[in-house]
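Each remark here refers to the structure printed beneath this line.
Number of protein chains: 2
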Amino acid sequence: MKEVKQYIESNKDRFLEELFSLIRIPSISAETEHKDDMVRCANRWRELLLSAGCDKAEVMPTAGNPVVYGEKTIDPAKPTVLVYGHYDVMPVAPLELWNTKPFEPVIKDDKIWARGADDDKGQSFMQAKAFEFMVQTGQLPCNVKFMLEGEEEIGSGSLYGFCEEHKEMLRADVILVSDTSMLAQDTPSITSGLRGLCYWDVEVTGADHDLHSGLYGGAVANPINILCKMIADLHDENNHITIPGFYDDVLVISDEERALMAQAPFNLENYKKSLSIKEVHGEKGFSTPERTGIRPCLDICGIWGGHTGEGSKTVLPSKAYAKISTRLVANQDFEKISKLFKDYFEAAAPDCVTVKVTPSHGGAAYVSPLEMNAYKAAEKALETTFGKRPIPTRSGGSIPIVAGFERILGIKSILMGFGLGSDAIHAPNENYPLFNFFKGIETIPYFYEYFTELETKKQ
Amino acid sequence: MKEVKQYIESNKDRFLEELFSLIRIPSISAETEHKDDMVRCANRWRELLLSAGCDKAEVMPTAGNPVVYGEKTIDPAKPTVLVYGHYDVMPVAPLELWNTKPFEPVIKDDKIWARGADDDKGQSFMQAKAFEFMVQTGQLPCNVKFMLEGEEEIGSGSLYGFCEEHKEMLRADVILVSDTSMLAQDTPSITSGLRGLCYWDVEVTGADHDLHSGLYGGAVANPINILCKMIADLHDENNHITIPGFYDDVLVISDEERALMAQAPFNLENYKKSLSIKEVHGEKGFSTPERTGIRPCLDICGIWGGHTGEGSKTVLPSKAYAKISTRLVANQDFEKISKLFKDYFEAAAPDCVTVKVTPSHGGAAYVSPLEMNAYKAAEKALETTFGKRPIPTRSGGSIPIVAGFERILGIKSILMGFGLGSDAIHAPNENYPLFNFFKGIETIPYFYEYFTELETKKQ
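In order, the protein sequence lines correspond to chains W and H.
Under the numbering used here, residues 2 to 460 are what the first sequence spells out, in order.
Under the numbering used here, residues 2 to 460 are what the second sequence spells out, in order.
This is the structure we're talking about:
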């Protein structure tokens with residue numbers, strides 16, 4: 002694999018141009034106006050998979066946005082790696098906080114700046130280019146399949162059904178995913194756990210029409226006031242979530258395991274500085290990495306009601322809304338939690354309002370065992386190119402479909418991501434360092450080599 | 002004044018067409034894009050004042066939107082009535098809840114449907130047409146001045162300065178205002194008190210950029226969660242406002258006065274039915290009319306933060322916002338309350354966020370003594386046309402400038418409004434019954450007659 006660095010050096014401008022052609026398509030899955038962009042982006046991916054070396058590649062329909070599927074079979078007896086990624090991106094609002102246009106990628110300070118630069122166009126495209134290198138240099142050691150979906154940022158709704166329908170086509174020994182972060186450029190790590198997710202839309206209704214806040218204020222429930230109180234009541238003074246039964250299935254982590262986790266480098270002062278905050282804020286009794294790694298949490302991802310524009314309208318609104326999400330940890334059943342919250346929150350409504358909770362989407366948490374071949378292969382690959390043994394970490398993020406793959410396809414995933422915490426994914430000014438992009442392309446071929454070796458030995 | 006009914010009958014179509022010409026101008030003071038509409042609306046008012054019988058009328062500049070001023074002097078020795086009204090209207094969002102276009106007035110079910118139909122274009126225009134009747138029939142008993150401002154819905158910011166500058170021009174014996182409601186079409190009433198108002202814009206900042214709710218959720222403060230908690234903490238379990246010192250200056254109403262107020266007809270079941278609510282909600286120990294009439298309250302008029310659009314973006318936002326208002330009662334100093342809240346709320350912020358409170362506008366409460374000539378004249382005028390003695394009521398609403406008139410000009414106001422609680426002012430589907438519009442025009446001339454008599458006796 003020695004010539005991988007040289008191959009990257011000779012082709013880097015083309016790699017970036019190809020990636021930019023994906024980024025320039027505003028494939029925002031949460032906004033229906035981008036429906037056509039989803040199809041355009043899928044078609045562009047298909048072209049890129051074919052040019053990278055796939056024998057065949059197709060844009061396949063689903064109940065929602067299409068899936069791009071491609072494959073290269075070198076020998077059916079050899080192991081098969083299924084690469085998973087997503088071509089959809091998050092919305093870009095608030096646009097005024099971006100320093101550049103989100104869908105016009107720019108390279109500045111050795112980073113790519115754009116929506117999707119990291120999550121997940123930049124990261125999944127590293128997989129395509131690492132694959133291209135192996136094919137072009139005759140070093141591909143196993144069979145490869147690609148599956149890129151267009152609904153990851155809205156819960157992968159259609160991919161579950163797609164997997165059910167295409168179990169045989171998707172048969173593989175491991176699913177390889179680049180959609181997570183590492184600790185730092187000089188501290189490689191592998192995400193050994195992901196949190197699950199549960200998301201609800203909440204609507205609180207007071208009177209059946211907006212009221213004058215003077216004529217009715219003080220006598221008729223204001224749904225914003227009530228919603229705020231109901232949200233406030235979801236946490237106690239120790240920042241524990243108060244929904245009865247919420248923690249019932251949470252695995253208690255042993256003191257020993259916590260001590261092991263605490264060895265990962267983490268500097269609280271730098272962390273606070275990077276966010277410009279004076280203090281962190283979370284569940285009493287847990288450290289910051291534990292709060293995102295092994296503990297569930299509940300966040301309001303959006304809230305609105307009443308007059309949100311310019312000026313000072315004095316209104317007592319009829320309705321207030323919130324988007325509420327929880328992050329779940331291993332062993333919490335997202336469907337159980339989804340119902341638990343809905344029942345609890347609706348019942349908690351005082352008589353002066355009505356509350357409607359609509360479950361939006363969710364997914365289970367995932368844990369990747371450190372003993373599996375894919376983990377060992379990823380560990381060795383990262384050690385080869387970074388010169389340091391990677392640390393296993395638990396991410397606070399969720400890729401709900403990863404637990405779905407295990408359930409439906411019976412295949413474990415390995416989360417070999419090259420992002421950084423500072424990449425501002427889901428936020429304005431998303432970026433991806435060129436170092437990480439090219440280091441990813443350099444590292445992935447070693448994963449294939451080591452994984453194929455270990456799997457072949459096993460047989 | 003007998004021929005007033007006949008005059009209205011002969012001119013009703015013209016009256017409505019003239020009113021509609023005002024309504025069709027979208028003079029929304031809270032939205033800067035309507036700056037030109039404010040001037041257009043003021044100019045149209047000027048034309049209508051001249052055609053109604055003013056000797057002169059002018060559109061006069063202020064620091065903000067212009068004031069329309071007109072006058073007719075019949076004899077400097079006679080009493081002078083200064084009519085006050087406003088030509089600006091509230092914003093119209095949410096537009097989708099309107100059954101008709103807000104600035105295209107429609108008559109249906111014997112009501113005018115449009116933004117401003119009642120508040121205050123419909124009501125202030127009754128004043129112009131009652132004046133026209135008296136001038137045209139040679140029955141105007143006193144001098145009249147008109148002052149129509151364009152910033153009432155945003156706090157009358159420029160009118161205070163205008164009054165300071167034009168004290169001599171505005172000299173009068175009473176200020177006559179039609180901008181309030183009566184209890185019902187068969188239950189005339191006079192607003193003898195108004196609540197004051199204090200309004201703030203609140204901004205809560207957590208991290209300096211939006212964060213991924215998975216990677217940071219549970220470890221970094223979510224400004225929406227914190228804002229909700231801070232808002233929830235503004236009321237205790239009895240719905241008392243918890244800001245220290247907030248109630249210090251509130252006048253305690255005697256049991257006797259409360260008993261008198263309780264005689265006003267009020268049916269809780271009908272009230273709840275009219276709003277489609279199961280229960281009312283307010284301060285413990287006070288009835289619904291007391292909660293809006295003699296007690297202050299605190300309402301969130303707007304809140305927003307995070308993802309408020311379609312879909313389910315998982316974001317931990319950097320900022321959350323609210324528009325918070327209190328209604329004040331007699332003896333509460335709005336400037337003192339403004340500072341009290343700002344200091345309290347900013348200091349209440351936990352270390353994990355920063356909170357910025359920007360006072361927006363405010364005004365003192367107002368009480369109209371039942372003994373003054375203007376009150377007695379209004380009482381008798383309403384009794385003449387409705388056949389029933391009107392009940393004095395305290396409105397929960399605010400017209401902050403009314404307290405300002407007393408302070409700056411030394412003139413008391415009489416609030417002789419003809420709206421109904423069901424007119425949906427400040428809300429979608431604002432309307433004004435034709436009965437009330439024409440009954441107002443019929444009643445107002447009697448006020449002039451009785452007021453002039455009483456004032457002349459006094460001299």
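C-beta: ideal position from N, C-alpha, C; glycine also.
Return the residue from the list H/Pro393, H/Gly310, H/Asp76, H/Thr359 that minimises the CA-CA distance to arginine 259 of chain H.
-> Closest option to arginine 259 of chain H, Cα to Cα, is H/Pro393.
Interfacial residues, the region 246-257 of chain H to chain W, with Cβ spacing under 7 Å = Look at the region 246-257 of chain H: it has no residue with a C-beta under 7 Å from a C-beta of chain W.
Beta carbon of tyrosine 322 of chain H nearer than 8 Å to that of valine 145 of chain H | A distance of 8 Å or more separates the beta carbons of tyrosine 322 of chain H and valine 145 of chain H.
So, is the C-beta of isoleucine 402 of chain H closer than 8 Å to a C-beta in chain W?
-> Judged by the 8 Å Cβ criterion, isoleucine 402 of chain H is not in contact with chain W.
Throw me the rounded Cβ distance for the alanine 382 of chain W and tyrosine 451 of chain W pair, which I believe falls under 8 Å.
-> Right, the Cβ-Cβ distance comes to about 6 Å (below 8 Å), so this counts as a contact.
Neighbourhood of alanine 379 of chain W by C-beta, 7 Å cutoff - its chain only, sequence neighbours within 5 removed | So the qualifying residues of the chain are Ile191, Ile415, Met417, Phe448.
Cross-chain neighbours of proline 92 of chain W in chain H, by beta carbon under 8 Å | From the beta-carbon of proline 92 of chain W, the residues of chain H found nearer than 8 Å are His308, Gly310, Gly312, Lys314.
Okay, do the region 233-251 of chain W and the region 294-308 of chain H touch, 3+ Cβ pairs below 8 Å being the bar?
-> Not touching, per the Cβ criterion.
Start-end ranges of the beta strand (DSSP E) lying completely within the region 175-248 of chain H, minimum 3 residues | If we require 3 residues or more, the beta strand (DSSP E) runs fully inside the region 175-248 of chain H come out as 175-178, 190-195, 197-206.
Just the Cα atoms here: how many angstroms apart are glycine 123 of chain H and phenylalanine 438 of chain H?
-> Distance between the alpha carbons of glycine 123 of chain H and phenylalanine 438 of chain H is about 7 Å.
Name, going along the chain, the residues of the region 219-234 of chain W whose beta-carbon falls closer than 7 Å to a beta-carbon of chain H.
-> Correct list: Gly219, Ala220, Val221, Ala222, Asn223, Ile225, Asn226, Cys229, Lys230, Ile232, Ala233.
Could you tell me whether any Cβ in chain H is nearer than 8 Å to the Cβ of lysine 324 of chain W?
-> True, the Cβ-Cβ gap to chain H drops below 8 Å.
At least one CB of chain H closer than 8 Å to the CB of histidine 241 of chain W: is that the case?
-> Contacts with chain H at 8 Å (Cβ-Cβ) do not include histidine 241 of chain W.
Quick one: measure Cβ to Cβ for aspartate 300 of chain H and glycine 218 of chain W, integer angstroms, because I've assumed they're closer than 8 Å.
-> The C-beta separation of aspartate 300 of chain H from glycine 218 of chain W comes to about 5 Å, placing the pair in contact by the 8 Å criterion.
If you draw a straight line from the alpha carbon of lysine 285 of chain H to that of cysteine 353 of chain W, how long is it in whole angstroms?
-> Computed Cα separation, rounded: 14 Å.
Pair every Cβ in the region 278-298 of chain W with every Cβ in the region 207-222 of chain H, then say whether three or more of these pairs are closer than 8 Å.
-> Touching, yes.
Using a C-beta to C-beta distance shorter than 9 Å, which residues of chain W count as neighbours of glutamate 105 of chain H?
-> Residues of chain W whose Cβ lies closer than 9 Å to the Cβ of glutamate 105 of chain H do not exist, since the nearest Cβ in that chain is about 20 Å away.
Closer than 8 Å, CB to CB, is aspartate 1 of chain W near chain H or not?
-> No statement about residue 1 of chain W is possible, as the shown extent of chain W runs from 2 to 460 and does not include it.
Spell out the partners DSSP gives valine 107 of chain W in its beta bridges.
-> BP columns for valine 107 of chain W point to W/Trp114.
For cysteine 298 of chain W and tyrosine 367 of chain W, the rounded distance between their alpha carbons = Taking the straight line joining both Cα atoms gives about 16 Å.
Which chain H residues are close to alanine 1 of chain W, counting only those with a beta carbon under 9 Å from its beta carbon?
-> Nothing in the structure corresponds to residue 1 of chain W, since chain W is present only between 2 and 460.
Under a CB-based cut-off of 8 Å, is serine 339 of chain W close to chain H?
-> So, not an interface residue.
Within 10 angstroms of its Cβ, does proline 95 of chain W collect 16 or more other Cβ (buried), or is it exposed?
-> With fewer than 16 other CB atoms across the displayed protein chains lying within 10 angstroms of its CB, proline 95 of chain W is exposed.
Alpha carbon of isoleucine 24 of chain H to alpha carbon of proline 429 of chain H, nearest angstrom = Going from the Cα of isoleucine 24 of chain H to the Cα of proline 429 of chain H covers about 15 Å.
Can you tell me which of W/Ser159, W/Pro142, W/Ile412 puts its alpha carbon nearest to the alpha carbon of threonine 462 of chain W?
-> There is no way to answer for residue 462 of chain W, as the model of chain W reaches only from 2 to 460.
Can you list, in chain order, the stretches of the beta strand (DSSP E) that have 3 or more residues and sit fully within the region 124-157 of chain H?
-> Listed in chain order, they are 144-150.
Between which two residues does the beta strand (DSSP E) containing glycine 303 of chain H stretch?
-> For glycine 303 of chain H, the uninterrupted beta strand (DSSP E) run begins and ends at 298-307, by DSSP.
Asparagine 497 of chain H - DSSP class collapsed to helix/strand/coil = This structure gives no information on residue 497 of chain H, because the portion of chain H shown stretches from 2 to 460.
Closest Cα partner of leucine 149 of chain W within the set W/His213, W/Asp174, W/Glu384, W/Asp120 | Nearest C-alpha to leucine 149 of chain W: W/Asp120.
Within the 8 Å Cβ cut-off, does leucine 216 of chain H reach chain W?
-> Cβ-Cβ to chain W under 8 Å: yes for leucine 216 of chain H.
Taking Cβ to Cβ, would you say cysteine 199 of chain W is nearer than 8 Å to cysteine 229 of chain H?
-> Contact flag unset, no.
Helix, strand or coil for serine 52 of chain H, going by three-state DSSP, please let me know.
-> Note: serine 52 of chain H maps to helix in three-state DSSP.
Under 8 Å between C-beta atoms, does glycine 162 of chain H make it to chain W?
-> No, glycine 162 of chain H lies away from the interface with chain W (no Cβ there is under 8 Å from its Cβ).
Is asparagine 374 of chain W helix, strand or coil by DSSP?
-> Three-state DSSP puts asparagine 374 of chain W in a helix.
Three-state secondary structure assigned by DSSP to leucine 171 of chain H = Here DSSP, grouped into helix, strand and coil, assigns leucine 171 of chain H to coil.
Where do the N-terminal and C-terminal ends of the alpha helix (DSSP H) with tyrosine 433 of chain H fall, by residue?
-> In the DSSP annotation of this structure, tyrosine 433 of chain H is not part of any alpha helix (DSSP H); the continuous beta strand (DSSP E) holding it starts and ends at 432-434.
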